[in-house]
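Q:
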Amino acid sequence: MSQIYVVPDRHIRYAATEAFFDTKMIEGSSVQGHGVKMLSLVEKLKDIKADHAKETYIDVIFQSLPPSIDSLIGNYNMNGLDNDLHELINMLVQYETTIEKSTP
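Written as structure tokens, this is what we have:
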């Protein structure tokens, strides 16, 4: 009887992967909130053994950001930075704070 209500692992993996790859930050929303959401999706992928390389996570997080963050992404890639995901999100939050302070 319990087999009827069990969701196959493949469907769970598909839904979690789709959520991670399709999540996009809306321009003007909080980078911190978006970062927390992306980190929770990464943890979910790891929990269900649908793990990816750290570089893939970073690329997808960068692709999920609005164009206003492009200069930070360019600097990150040009300088060959290699942060863990939490450091990356902290860097994005600091960048957002700096941009907000410099905008009249």
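Residues in the sequence shown are numbered consecutively from 314, following our numbering.
The beta carbon of each residue, even a glycine, is placed where N, CA and C say it ideally should be.
Leaving out the 5 sequence neighbours to the left and right, which residues in its chain are closer than 7 Å to F375 when beta-carbon positions are compared?
A: Taken in chain order, the residues that qualify are I386.
Q: Taking E340 as the reference, which of I402, D397, M391, I382 has the closest Cα?
A: I382
Q: Could you check where the alpha helix (DSSP H) with E340 kicks off and where it finishes?
A: Note, E340: premise wrong, no alpha helix (DSSP H); not H, not E.
Q: I need the straight-line Cα distance from E409 to D372, nearest angstrom please.
A: 19 Å
Q: Taking M338 as the reference, give the member of T411, L405, H324 with the closest Cα.
A: Closest option to M338, Cα to Cα, is L405.
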